[in-house]
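Read through the structure below, which is laid out as structure tokens, and then see the notes.
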Amino acid sequence: MVAVLELSSQQGQATSSDKAIVAEHLCKVFNVTKGFLRRKKTQVVAVKDVSFEVNYGELFGLVGPNGAGKTTTIKMLTTMLIQTSGKATVLGYDVQKDVTKVRERIGIVLGGERGLYTRVNAIDNMRYFADLYGVPVNIRDKRIKELLQFMGLWDRARDRVETYSKGMKQRLHLARGLINDPNIIFMDEPTIGLDPEIAKETRNMIRELVEKGKTVLLTTHYMFEADELCKRVAIIRNGEIVALDSPSGLKKYVMDTSVVEIEGFGITEKEVAQFKGVTDVLAVSADLSENKQVLKIQTPKGSEIISEVQEILKNSRIYDLKIKEPTLEDAYLRLVEGSVK
Amino acid sequence: MPQTLRVIYSAFRLAMLHWMADPQWVIPNVIAPFVFTFVALTLFKEASGPFGLYAVLGGGMMGMWGNTLYSSGFAIEFEKWQGTLEEVVAAPSNLLHVIAGRSVSNALFGLTNMVAILLIASLVFRVPLGVANPILFTLSMVLTLLSVSALGLIFASAFVLTRSAQVFTNGLEFPIYVVSGSMFPVALLPFWVHPAAYILGPTWGIDAIRIAGGQANASLTFWLDVVGQENAFLAFWLDVGVMLLITLAYVAIATFLFKKVETKARRDGTLVEA
Chain G
9 MVAVLELSSQ QGQATSSDKA IVAEHLCKVF NVTKGFLRRK KTQVVAVKDV
59 SFEVNYGELF GLVGPNGAGK TTTIKMLTTM LIQTSGKATV LGYDVQKDVT
109 KVRERIGIVL GGERGLYTRV NAIDNMRYFA DLYGVPVNIR DKRIKELLQF
159 MGLWDRARDR VETYSKGMKQ RLHLARGLIN DPNIIFMDEP TIGLDPEIAK
209 ETRNMIRELV EKGKTVLLTT HYMFEADELC KRVAIIRNGE IVALDSPSGL
259 KKYVMDTSVV EIEGFGITEK EVAQFKGVTD VLAVSADLSE NKQVLKIQTP
309 KGSEIISEVQ EILKNSRIYD LKIKEPTLED AYLRLVEGSV K
Chain Z
455 MPQTLRVIYS AFRLAMLHWM ADPQWVIPNV IAPFVFTFVA LTLFKEASGP
505 FGLYAVLGGG MMGMWGNTLY SSGFAIEFEK WQGTLEEVVA APSNLLHVIA
555 GRSVSNALFG LTNMVAILLI ASLVFRVPLG VANPILFTLS MVLTLLSVSA
605 LGLIFASAFV LTRSAQVFTN GLEFPIYVVS GSMFPVALLP FWVHPAAYIL
655 GPTWGIDAIR IAGGQANASL TFWLDVVGQE NAFLAFWLDV GVMLLITLAY
705 VAIATFLFKK VETKARRDGT LVEA
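Each protein sequence line maps, in turn, to chains G and Z.
Just add 8 to the spot in the first sequence (first one is 1) and you have my numbering.
Just add 454 to the spot in the second sequence (first one is 1) and you have my numbering.
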């Protein structure tokens with residue numbers, strides 16, 4: 009890690025708060041207006057009630073399906089959205105009242121290819137944000153160079169960003185998120201759309217940041233990523249936290265079950281739906297998009313369910329069938345489907 | 455350098471880099487002024503009096519205002535397209551300073567627009583452009599550009615909330631151009647238009663430019679009419695003074711609006727809508 013980034017994780021703390029992030033009953037309701045002459049107002053609840061705390065130096069994961077409220081929560085904590093009710097502090101600063109103090113001390117890394125000035129080069133992107141964050145001029149250029157070297161982008165630093173690959177853009181997002189040497193880094197799906205190798209590289213970089221004392225709040229769709237990286241994971245569903253524990257703690261929610269994993273071809277949505285009606289089937293997930301389809305069934309019956317599987321899938325081809333121990337993804341599926349109380 | 459100036463400069467620099475990376479700026483800044491000048495000179499061909507400068511400055515102002523308005527609206531939309539608006543808002547600096555930096559860069563391009571008009575009129579259309587006081591002429595042009603930019607800032611604040619700033623910029627281009635007396639002096643416009651004309655900074659700036667150019671007509675220029683043709687120097691500074699006061703008011707209004715609009719955008723979640 010470069011020297012300019014070696015900050016204490018506690019630096020910049022406002023009060024005696026012993027938590028890096030505190031969210032208390034955060035709620036966000038959006039007012040949506042439809043129609044032109046007859047305007048009709050409706051309310052959309054994006055986040056219903058979210059409470060959690062993140063310790064200094066912790067890598068905390070926030071996972072949930074699309075529309076669960078992950079991004080809205082992160083935006084409230086980073087001052088990009090004002091909460092409807094509830095309270096949140098970052099480094100002891102109130103996100104609604106101490107907006108500038110929070111902004112000065114946090115880094116934001118959004119996933120995807122957008123969020124960069126693609127017509128200019130990486131150095132100019134970095135320099136612009138260094139100026140917006142008020143990075144002292146005497147260390148600005150040195151820090152830009154060190155961050156781009158750390159991210160493996162220095163050799164291409166003078167090329168326009170539009171010529172970068174997805175992975176390079178994501179690394180530039182990370183570098184940009186560190187330009188103000190933040191105490192806390194908020195990462196919203198930082199590996200989305202990346203190929204496995206680049207995603208692994210990004211995860212290694214995130215891990216390295218935490219080893220250097222940074223606090224990271226990460227949202228992700230990928231359970232194995234949360235399992236691999238996070239010390240604790242909160243699962244959010246319909247705007248509420250439904251579970252918060254370490255990855256191993258969350259797996260205990262499904263210790264009473266086995267996972268029957270079937271690889272096959274010709275499996276239909278109708279057949280998948282049929283499994284949901286079978287007694288003692290707690291959760292079903294299927295990836296039917298590829299040639300080699302994968303169906304996962306959570307059940308306490310274990311191998312006893314095989315005859316029923318064969319009956320339902322009699323018109324499909326089964327390549328492989330395994331009985332597995334449940335993973336964090338299985339726990340997640342059960343939690344978001346609501347079958348764990 | 456104070457942080458405010460640093461942010462304005464950095465936004466200005468980034469906008470310039472984008473302009474340079476995109477050679478399409480040649481179209482609004484050279485080709486369009488050529489067309490404006492041609493149209494204006496054709497319209498005033500048969501007119502007697504100091505209409506050569508009116509025609510040329512009118513075309514120049516049209517290009518400059520169009521450029522600034524388009525760019526002010528585009529400043530926000532550009533950030534939305536790039537997906538950078540949230541990141542810019544999430545930085546500790548004031549969004550107004552960022553947009554101000556962009557507006558100044560637009561003003562500079564507006565200036566190239568005006569210079570292009572003058573050169574085209576003089577070299578291609580052989581219009582005699584004897585400028586009485588080149589220093590005051592340049593000064594009033596630069597200050598008018600800043601006033602136009604400040605007016606653009608007010609509109610830019612509203613564009614934070616809109617899904618398509620282009621609709622507004624298209625609708626606002628001609629009304630401001632006509633009401634500010636860019637091509638037709640305000641005195642020739644219906645009386646009920648005058649209040650709207652006199653709250654526009656560029657209206658006074660254009661009068662100042664015309665006085666410095668030495669081709670202003672007392673009956674068509676507010677302060678020259680008040681203090682008399684012989685006190686043209688005083689009339690010039692009165693025009694500049696009023697323009698600066700109005701420009702300061704624009705900046706104050708823009709500061710207030712940006713604060714309100716940013717809070718509203720953060721409350722309604724409209725920062726990412728493109």
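Virtual Cβ for every residue (Gly too), placed ideally from N, Cα, C.
Here Asp338/G is buried: its Cβ has 16 or more other Cβ atoms, across all protein chains shown, within 10 Å.
Selection Tyr652/Z, Ser611/Z, Ser464/Z evaluated against Lys714/Z yields Ser611/Z as nearest (Cα-Cα).
Under the Cβ criterion (8 Å, minimum of three pairs), the segment 655-670 of chain Z counts as touching the segment 506-520 of chain Z. Shown here, Tyr101/G sits in a strand according to DSSP, grouped into three states.
Of the residues Ala604/Z, Tyr652/Z, Val632/Z, Met470/Z, the one whose Cα lies closest to the Cα of Phe712/Z is Ala604/Z. Taking a contact as a CB-CB distance under 8 Å, the pair Lys332/G and Val267/G counts as one, their CB atoms being some 5 Å apart. With fewer than three CB-CB distances shorter than 8 Å, the segment 187-198 of chain G does not count as touching the segment 161-175 of chain G. Neighbours of Leu468/Z across chain G, judged by C-beta separation under 8 Å: Tyr125, Val128, Asp132, Tyr136.
Inclusion of Lys109/G and Val62/G in the CB contact set at 8 Å is not warranted, their separation being larger than that value. In the assembly as shown, Glu66/G is a buried residue. Its beta-carbon has 16 or more other beta-carbons within 10 Å. Pairing Val98/G with Asp106/G, the inter-Cα distance amounts to about 10 Å. By the rule that beta-carbons nearer than 8 Å mark a contact, Arg111/G touches chain Z. In the structure shown, the three-state DSSP call for Tyr230/G is coil.
Between Lys153/G and Glu112/G, the alpha-carbon positions lie close to 21 Å from each other. Proximity of Glu540/Z to chain G, defined by a Cβ-Cβ separation below 8 Å, is satisfied. If you check the CB distance, Ser634/Z and Ile665/Z do not come in under 8 Å. Taking 8 Å as the cut-off, the beta carbon of Arg211/G is found no closer than this to the beta carbon of Leu186/G. Here the C-alpha atom of Val128/G lies approximately 34 Å from the C-alpha atom of Leu511/Z. In this structure Leu290/G is buried. Its beta-carbon is surrounded by 16 or more other beta-carbon atoms within 10 angstroms.
For the set Trp646/Z, Leu699/Z, Ala465/Z, Gln683/Z, the Cα lying nearest the Cα of Asn560/Z is the one of Ala465/Z. At a cut-off of 8 Å between beta-carbon atoms, Pro644/Z makes no contact with chain G. Residue environment for Gln478/Z: exposed (fewer than 16 other C-beta atoms within 10 angstroms of its C-beta). Cβ-Cβ separation between Leu70/G and Ala242/G: approximately 5 Å, consistent with a contact (criterion under 8 Å).
Taking the C-beta atoms as reference points, Phe273/G is found nearer than 8 Å to Asn299/G. Rounded to whole angstroms, the gap between the alpha carbons of Arg556/Z and Tyr524/Z is 12 Å.
Between Ala662/Z and Phe690/Z, the beta carbon gap of about 5 Å places them in contact (Cβ cut-off 8 Å). Nearest C-alpha to Met213/G among Tyr125/G, Ile193/G, Gly94/G, Ile270/G: Ile193/G.
Between Ile116/G and chain Z, the shortest Cβ-Cβ separation is below 8 Å.
Interface flag for Tyr64/G against chain Z is unset, since no Cβ pair is found closer than 8 Å.
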